[in-house]
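K.L.:
Take a look at this one; I'll ask things after.
2 protein chains.
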Amino acid sequence: MTLPLLDPETRLQGDDHEALRLWLRLFTCTTMVERTIDQVLKRDFGSSLARFDVLAQLDRAPDGLRMGELSAGTLTTNGNVTWLVAALEAEGHVRRRTAPDDRRATIVRLTAAGRRHFATMARQHEALIIELLDGLSATERRTMHSLLGTVKQHLRLERTA
Amino acid sequence: MTLPLLDPETRLQGDDHEALRLWLRLFTCTTMVERTIDQVLKRDFGSSLARFDVLAQLDRAPDGLRMGELSAGTLTTNGNVTWLVAALEAEGHVRRRTAPDDRRATIVRLTAAGRRHFATMARQHEALIIELLDGLSATERRTMHSLLGTVKQHLRLERTA
DNA sequence: GCAGAATGCTTGAAGTTTCAAGTAACGAGC
DNA sequence: GCTCGTTACTTGAAACTTCAAGCATTCTGC
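Residue numbers (my numbering), protein chains in the order written: chain A, 93 to 253; chain B, 93 to 253.
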């Protein structure tokens, strides 16, 4: 798990607004975690975070999901979900069929093999995240979770404004 | 600035470890901010967050930086920095030349035009970030900054371990 | 029911990022 | 001063992502 040395924060100067510093640190931490996870998923399962994300959603939906629901849930575009699902289908993790009530829509669901595959990945994924975020105490994690909740809500408002 | 509806968090179930919830929320917030910034930079300047990052580093280094220093500072790979710098050079924002003391190394520095271009972007970039993180009070931002500092330090340890 | 708008998804092209392999230059030890 | 290992960067292929355009289907108001 050898990553390049990453620290964009070092380039900040004294007069920068503190919001900028916060953002840079947020970005750095998230990216470091994201890459680590992505690398481990690639190395151990030949998968990726984007794929994992799709599978994770499907795992929660026994009746499957429409493409639109999938792309709403992942932080990615419509076209990309089409691409990801096509790849996952080619690998046998997922199956697509036309929705019975709306022939424009496609329903995607996990195959049995896909479900098993996801379960294995999920275990390791969770262990890794717990390890990576272990620098914070449980209380600190709660605080952070709550602060991020505020941020998220504000971002949602900004977007519609 | 119309973004798709994004909320991967909704798929969490009750029994998930809270570290997982924290990570998901961290990821969501960061991605939302990242996309917003990237879109604004693209729309208003035909640029991108990755380019901005490179320019920001060079702006702090009057004597220029080596390619390696650049890729260490941005959260991206060596090869990508080559690509980004080549594009920036083609646009006249940046100039490359061989290091006098080590002919393997390349030194990149901003042109006068590049510096002006960056200054304009930086102003808008900062204003946008202040707006996006405005959901938190100054105290909360400080708390978050400090918590993320702990996370970052832990991640750095994890990586070398 | 029918025209036109809206919706759900796919497609293809272009852009971006990574990865692995390659080239050139440096440096330590003989 | 040669040789081997290392370092700095570039390159080309492949993976992935986005974007805009397109197609089929459904919905709405007449």
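All residues carry an ideal CB built from backbone N, CA and C; glycine is no exception.
#1: Cα separation between glutamate 161 of chain B and valine 146 of chain B?
#2: On the three-state DSSP scale, how would you describe threonine 235 of chain B?
#3: Check for me: the alpha helix (DSSP H) holding arginine 117 of chain B runs from which residue to which?
#4: My assumption, with CB atoms under 8 Å, is that glutamine 59 of chain B sits in contact with aspartate 130 of chain B. Please give the rounded CB distance.
#5: Could you give the DSSP three-state label for leucine 240 of chain A: helix, strand or coil?
#6: My parser needs the beta strand (DSSP E) runs of 3 or more residues fully inside the segment 176-204 of chain A; what are they?
#7: Give the residues of chain B in contact with threonine 242 of chain A, contact being defined as C-beta atoms less than 8 Å apart.
#8: Count the other CB atoms within 10 Å of the CB of tryptophan 175 of chain A; is the residue buried (16 or more) or exposed (fewer)?
#9: Where alanine 205 of chain A and alanine 214 of chain A are concerned, what is the direct C-alpha to C-alpha distance, given to the nearest angstrom?
#10: What would DSSP say about arginine 152 of chain A, mapped onto helix, strand or coil?
#11: Check whether the Cβ atoms of valine 125 of chain B and phenylalanine 119 of chain A sit closer than 9 Å, and answer yes or no.
#12: Relative to the alpha-carbon of arginine 195 of chain B, which residue among B:Arg187, B:Arg158, B:Leu180 has its alpha-carbon at the smallest distance?
#13: Determine the DSSP secondary structure at leucine 228 of chain B, reduced to helix, strand or coil.
#14: Looking at leucine 202 of chain B and aspartate 151 of chain B, is the spacing between their C-beta atoms short of 9 Å?
#15: Return the CA-CA distance between leucine 180 of chain B and arginine 187 of chain B, expressed in angstroms with no decimal places.
#16: Apart from the five residues on each side of it in sequence, which residues of its chain come closer than 6 Å, Cβ to Cβ, to leucine 247 of chain A?
#17: Could you tell me which chain A residues have their CB closer than 8 Å to the CB of threonine 216 of chain B, listed as they occur along the chain?
#18: Taking DSSP's pairing of strands, which residues face leucine 157 of chain B in a bridge?
#19: Measure how close the beta-carbons of glutamate 232 of chain B and leucine 224 of chain A come, nearest whole angstrom, since I'm counting them as under 8 Å.
#20: What are the residues in the segment 106-122 of chain A lying within 7 Å of chain B by C-beta distance?
#21: What whole-angstrom Cβ distance do lysine 244 of chain B and arginine 113 of chain A have, given they're in contact under 8 Å?
#22: Compare the C-beta of valine 186 of chain B with all C-beta atoms of chain A and state if any pair is closer than 9 Å.
#23: In this structure, how does DSSP classify serine 140 of chain A when only helix, strand and coil are distinguished?
#24: Going along the chain, which residues of its own chain have a beta-carbon closer than 7 Å to the beta-carbon of histidine 237 of chain B, five neighbours each way excluded?
P.N.:
Per the coordinate set shown:
#1: Within the model, the alpha-carbon separation for glutamate 161 of chain B versus valine 146 of chain B is close to 11 Å.
#2: Helix, per DSSP.
#3: Element bounds for arginine 117 of chain B: 110-137.
#4: Beyond the ends of chain B as shown, which are 93 and 253, falls residue 59 of chain B; an answer cannot be given.
#5: Assigned with DSSP and collapsed to three states, leucine 240 of chain A falls in helix.
#6: Considered as a whole, the segment 176-204 of chain A harbours 186-190, 198-202 as its complete beta strand (DSSP E) runs of no fewer than 3 residues, in chain order.
#7: Here the neighbours are Gly227, Leu228, Glu232.
#8: Burial call: exposed.
#9: About 14 Å.
#10: Coil at arginine 152 of chain A, not helix or strand.
#11: Going by beta carbons, valine 125 of chain B and phenylalanine 119 of chain A fall inside the 9 Å limit.
#12: Looking at B:Arg187, B:Arg158, B:Leu180, the one whose alpha-carbon comes closest to that of arginine 195 of chain B is B:Arg158.
#13: Reduced to three states, the DSSP call for leucine 228 of chain B is coil.
#14: Yes. Within cutoff.
#15: Rounded to whole angstroms, the separation of the alpha carbons of arginine 187 of chain B and leucine 180 of chain B is 8 Å.
#16: For leucine 247 of chain A, where only same-chain residues beyond five positions count, there are no Cβ hits under 6 Å.
#17: The sequence given here has glutamine at residue 216 of chain B, not threonine. None at all; the shortest Cβ gap to chain A is about 13 Å.
#18: Paired residue(s): B:Val200.
#19: Rounded to the nearest angstrom, the Cβ distance from glutamate 232 of chain B to leucine 224 of chain A is 23 Å, too far for a contact under 8 Å.
#20: Listed by position along the chain: His109, Glu110, Ala111, Leu112, Arg113, Leu114, Trp115, Arg117, Leu118, Phe119, Thr120, Cys121, Thr122.
#21: About 12 Å separates the two Cβ atoms, so there is no contact after all.
#22: Any Cβ of chain A closer than 9 Å to the Cβ of valine 186 of chain B would place that residue at the interface, and such an atom is absent.
#23: In the three-state reduction of the DSSP assignment, serine 140 of chain A falls in the coil class, being assigned neither a helical nor a strand state.
#24: Residues of the same chain with a CB within less than 7 Å of the CB of histidine 237 of chain B, apart from the 5 flanking positions on each side, do not exist.
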